[in-house]
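Visitor: Residue numbers (the working numbering): 1140 to 1466.
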């Protein structure tokens, strides 16, 4: 954090600050022990927050001073972003896991800085496809928070984006070009295209994490985009082979319901609830019972009376006393 604060420099201590940045780049190098490289992501967040604050404070500066500060910040960003990319490609899965678990902090720290999001989002997508399930799970938990930055980025694979370079950390210096800006889309719109692939992930932990956070994209996407891009993977999760995944998605449907309504979910939701109600694990059945009041509120009294009331009565005769008591 001390190193991150060092980017608050003026002409009198600029050399000192750059010396500290040189030292930090050395400490983040691949020849350092894992225990040292693990701190790279957190320190980069500190740098990003410091630069964002510099940018905010520059609003009250003269045009000449503001331009000088912007030039200084752009130079720092171009040095720090490759350090983040290095953690994502690190040979140690623990370093990559740390980057994945803190990536929401990373994007929120850098979201106001020129060109940063175009560089960061492709690297976040790499974490979602990491060889290690633990890394993919940590990245998936951050999905909605990354999308909530509401930044505008280039679509995946767009040939005009400077972030489609080999290391994914080149900054497009022509960001003000009107033609290029017309191609930008919200982060949520880009990330939602990754959901179908995550629903097919071999790791149940990844799918369970996705089921917990994916519906939070609905308010960001709006009704039409949610129906066309978010609803299909959510329906796949409702039919997942894991009861934990199905339970998580049922528990997180309120945001999706608020955006698209319940009519589109009824047909797929009921079979999932019925399967969970008869699950062999009594803790799963108990979890379903605990969510019945929320489901009744979300789906309406008619749906509850017609489809769920019989389930509640049936649980009164369950073999497990905890189930009967909860019912």
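Just so it is clear, CB atoms sit at the ideal spot from N, CA and C, and this is done for glycine as well.
1) Could you spell out where the alpha helix (DSSP H) holding residue 1247 opens and where it closes?
2) Considering only the alpha carbon of each residue, which of 1354, 1379, 1202 and 1359 lies closest to residue 1342?
3) Tell me the DSSP secondary structure of residue 1325 in three-state form.
4) With three or more beta-carbon pairs closer than 8 Å as the criterion, would you say the region 1197 to 1204 touches the region 1255 to 1273?
5) Report the option in 1429, 1272 and 1214 whose CA atom is closest to the CA atom of residue 1160.
6) Would residue 1226 be called buried (16 or more neighbouring beta carbons within 10 Å of its own) or exposed?
7) Report buried or exposed for residue 1463, applying the criterion of at least 16 other Cβ atoms within 10 angstroms of its Cβ.
8) Buried or exposed: residue 1179, going by 16 or more other Cβ atoms within 10 Å of its Cβ?
9) Looking at C-alpha atoms only, which residue of 1338, 1453 and 1359 is the closest neighbour of residue 1346?
10) For residue 1261, does the three-state DSSP call read helix, strand or coil?
11) Grab me the residues of residue 1183's own chain with a C-beta within less than 7 Å of its C-beta, minus the 5 sequence neighbours each way, in chain order.
12) Under a Cβ-count criterion, where at least 16 other Cβ atoms within 10 Å of its own Cβ denotes burial, should residue 1175 be classed as buried or exposed?
13) Hey, how far is the Cα of residue 1240 from the Cα of residue 1269?
14) Hey, quick one: how far does the alpha helix (DSSP H) through residue 1173 stretch, first residue to last?
15) Give the straight-line distance between the Cα atoms of residue 1140 and residue 1186, rounded to the nearest whole angstrom.
16) Please list, in chain order, all residues of the same chain as residue 1281 whose beta carbon is under 6 Å from its beta carbon, the five residues on each side excluded.
17) For residue 1295, I'd like the list of residues in its chain whose CB is within less than 8 Å of its CB, leaving aside the five on either flank, ordered along the chain.
18) With C-beta atoms as the reference, is residue 1389 less than 8 Å away from residue 1412?
19) Compute the Euclidean distance between the alpha carbons of residue 1369 and residue 1203, then round it to the nearest angstrom.
20) What are the start and end residues of the alpha helix (DSSP H) that includes residue 1186?
21) Determine whether the beta carbon atoms of residue 1326 and residue 1372 lie at a separation below 8 Å.
22) If you draw a straight line from the C-alpha of residue 1211 to the C-alpha of residue 1288, how long is it?
23) With a 10 Å radius around its C-beta and 16 neighbouring C-beta atoms as the bar for buried, classify residue 1305 as buried or exposed.
24) Counting along the chain, where does the alpha helix (DSSP H) carrying residue 1431 start and finish?
25) Leaving out the 5 sequence neighbours to the left and right, which residues in its chain are closer than 7 Å to residue 1208 when beta-carbon positions are compared?
26) Going by C-alpha to C-alpha distance, which of 1254, 1399 and 1386 sits closest to residue 1362?
27) Rounded to the nearest angstrom, what separates residue 1303 and residue 1297 at their Cα positions?
28) Quick check: what's the CA-CA separation for residue 1323 versus residue 1290?
29) Going by DSSP, name the residue or residues bridged to residue 1292.
30) Which residues mark the beginning and the end of the alpha helix (DSSP H) in which residue 1210 is found?
31) Identify the continuous alpha helix (DSSP H) that holds residue 1284 and give its terminal residues.
32) Can you tell me where the alpha helix (DSSP H) with residue 1389 in it begins and where it stops?
Guide: Let me lay it out:
1) The sequence position of residue 1247 within the chain shown is 108, counting from 1. Start and end: 1242 to 1249.
2) To locate residue 1342, count along the chain shown from 1; it is residue 203. By alpha-carbon distance to residue 1342, the top candidate from 1354, 1379, 1202 and 1359 is 1379.
3) On the chain shown, residue 1325 is found 186 positions in, with the first residue counted as 1. DSSP places residue 1325 in strand when its eight states are reduced to three.
4) Touching, no, given that fewer than three Cβ pairs across the two stretches are closer than 8 Å.
5) Residue 1160 sits at position 21 when you count from the first residue of the chain shown. The residue among 1429, 1272 and 1214 with its C-alpha nearest the C-alpha of residue 1160 is 1214.
6) As a working mapping, residue 1226 is identified with position 87 in the chain shown. With 16 or more other Cβ atoms from the protein chains shown falling within 10 Å of its own Cβ, residue 1226 counts as buried.
7) As a first step, residue 1463 must be located in the chain shown, where it is residue number 324. When all chains shown are included, residue 1463 counts as exposed.
8) What you label residue 1179 is simply residue 40 of the chain shown in a count that begins at 1. Label assigned to residue 1179: buried.
9) Along the chain shown, one-based indexing puts residue 1346 at 207. Its Cα nearest to that of residue 1346, the residue 1338 stands out among 1338, 1453 and 1359.
10) Reading the chain shown from its first residue, position 122 is the one you call residue 1261. Helix.
11) Numbered from its first residue, the chain shown carries residue 1183 at position 44. If we look at residue 1183 and ignore the five residues flanking it on each side, its Cβ neighbours are 1219, 1222, 1223 and 1245.
12) Reading the chain shown from its first residue, position 36 is the one you call residue 1175. Per the 10 Å Cβ criterion, exposed.
13) Position 101 of the chain shown, counting from 1, holds the residue named residue 1240. Position 130 of the chain shown, counting from 1, holds the residue named residue 1269. Taking the straight line from one Cα to the other gives about 13 Å.
14) Numbered from 1 along the chain shown, position 34 holds the residue referred to as residue 1173. Annotation: the continuous alpha helix (DSSP H) that includes residue 1173 extends over 1173 to 1176.
15) On the chain shown, residue 1140 is found 1 positions in, with the first residue counted as 1. On the chain shown, residue 1186 is found 47 positions in, with the first residue counted as 1. Caution applies to residue 1140, whose pLDDT of 44 falls short of 50 and renders its modelled position unreliable; the value that the coordinates give is listed next. Those two C-alpha atoms are separated by around 8 Å.
16) The residue labelled residue 1281 in the question sits at position 142 within the chain shown. Contacts found: 1242 and 1243.
17) Here residue 1295 corresponds to residue number 156 of the chain shown, with the count starting at 1. Listed in chain order, the non-local C-beta contacts of residue 1295 below 8 Å within the same chain comprise 1261, 1264, 1329 and 1332, local neighbours out to five positions each way being set aside.
18) Mapped onto the chain shown, residue 1389 falls at position 250. Mapped onto the chain shown, residue 1412 falls at position 273. Using a Cβ distance threshold of 8 Å, residue 1389 and residue 1412 count as a contacting pair.
19) On the chain shown, residue 1369 is found 230 positions in, with the first residue counted as 1. On the chain shown, residue 1203 is found 64 positions in, with the first residue counted as 1. Take the alpha-carbon of residue 1369 and the one of residue 1203: they are about 46 Å apart.
20) Taking the first residue of the chain shown as position 1, residue 1186 is located at position 47. 1179 to 1196 is the span of the alpha helix (DSSP H), which, as asked, contains residue 1186.
21) Looking up residue 1326 in the chain shown gives position 187. Looking up residue 1372 in the chain shown gives position 233. In this structure, residue 1326 keeps its C-beta atom at 8 Å or more from the C-beta atom of residue 1372.
22) Against the chain shown, residue 1211 aligns to sequence position 72. Against the chain shown, residue 1288 aligns to sequence position 149. The alpha-carbon atoms of residue 1211 and residue 1288 are separated by roughly 24 Å.
23) Indexing the chain shown from 1 puts residue 1305 at position 166. Interpretation of residue 1305 is limited by its pLDDT of 43, a score under 50 that renders its predicted location unreliable; no figure is taken from the coordinates.
24) In the chain shown, residue 1431 corresponds to position 292, counting from 1. That run of the alpha helix (DSSP H) goes 1421 to 1438.
25) As a first step, residue 1208 is located in the chain shown; it is residue number 69 there, counting from the start. Contacts found: 1193, 1197 and 1200.
26) The sequence position of residue 1362 within the chain shown is 223, counting from 1. Of the listed residues, the one whose Cα sits closest to residue 1362 is 1399.
27) As a position in the chain shown, residue 1303 is number 164, starting the count at 1. As a position in the chain shown, residue 1297 is number 158, starting the count at 1. Low per-residue confidence applies at residue 1303: pLDDT is 44, beneath 50, and the placement is therefore not dependable enough to give any value.
28) As a position in the chain shown, residue 1323 is number 184, starting the count at 1. As a position in the chain shown, residue 1290 is number 151, starting the count at 1. Spanning the two alpha carbons is a distance of roughly 9 Å.
29) The residue labelled residue 1292 in the question sits at position 153 within the chain shown. Paired residue(s): 1324.
30) Here residue 1210 corresponds to residue number 71 of the chain shown, with the count starting at 1. 1202 to 1227 is the span of the alpha helix (DSSP H), which, as asked, contains residue 1210.
31) As a first step, residue 1284 must be located in the chain shown, where it is residue number 145. It spans 1282 to 1286 - the alpha helix (DSSP H) in which residue 1284 sits, taken as one unbroken run.
32) Reading the chain shown from its first residue, position 250 is the one you call residue 1389. For residue 1389, the enclosing alpha helix (DSSP H) begins and ends at 1382 to 1390.
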